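Structure (C-alpha cells):
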C-alpha cells in the first residue's frame, strides 16, 4: 500500500494479507528464471504450492471485501458532502466580494466576512483531503483483492477442440481475463464429438453462462487466443 500501515484506514489484517500475497506472487514470478537449472517436476511442485497459498490468501481477503466496500461507500459519501459544503462556501465568498465591489459592504465588513469564510474553506479542505485519501486507500486495497481472487475454470469450445479459460471469481461482479489457455487441438473422434456436442447444447451450457458474463473486449481477446491456437502459435 502507498501509505504507512500504522496510518492507514485499511485494517492491518488486510494489509498483512495483501503483503503476503504480493510476496508469494514475487516468488512465483521468479520461478521461470530457474527453469533451466531445476527439475521440471520440482518447478511444477513449487508452482502448485505457491498457487495454493495464493488462493488461500485470496480467500481470506475476499472475506474482508464486503466491509471494505461498505467503508468505501461511507467515505465516498463524506467526500460528496464536503465537496458540496466547499462549493457553498465559495459561493458565499464570491457573493460577499461582489457586495463589497458595489459598495454594500464596507472594507471592514468585507475583511471580516472573507476571514470567516476562508477559515471555513480551510477547515473543509483539510477534512476533504483526509476523506479523499481514505477513498484512495480503500480503492487500492479492493483492486488488489480483485486481482488476486482464486480462479474458476470455464470452457469455450472451438472448431479445433476445447479452450479452457480461467477467470477470476466474480466477488465484486467483475470478471478477469484468462489466466491459462489449453491450446492443444482435439486429437481423437471422441474429444471432437464432445466438443461439437457441447457447442450445440446452447440452452444449458457453461459456455453460454461464461459468454453472458464476460465483456465484448474479453471475447475479442478469447477469439484471438483461439485463432492463435489453431495456427499453432
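In our numbering, the protein residues as written are 371 to 603.
Heads up, the beta-carbon is just placed ideally off N, CA and C, and yes, glycines get one too.
Remember, it's a predicted structure, so these values are computed and weren't measured experimentally.
DSSP, reduced to helix, strand and coil, places residue 504 within a helical segment of the structure shown.
Judged by DSSP secondary structure, residue 410 falls within the alpha helix (DSSP H) whose first and last residues are 410 to 471.
Cβ neighbours of residue 395 within its own chain (closer than 6 Å, five residues either side excluded): none.
The three-state reading of DSSP puts residue 494 in helix, counting H, G and I together. Per the Cβ contact rule, the segment 379 to 394 is in contact with the segment 504 to 511 (3 or more Cβ pairs under 8 Å).
Taking 8 Å as the upper bound for CB-CB distance, residue 442 and residue 512 are in contact here, some 7 Å apart. In summary, residue 387 is buried, with 16 or more beta-carbon neighbours lying within 10 Å of its beta-carbon over all protein chains present. Ranked by how close their Cα comes to the Cα of residue 517, the residues 432, 423, 422 have 432 in first place. DSSP places residue 392 inside the alpha helix (DSSP H), whose first and last residues are 382 to 400.
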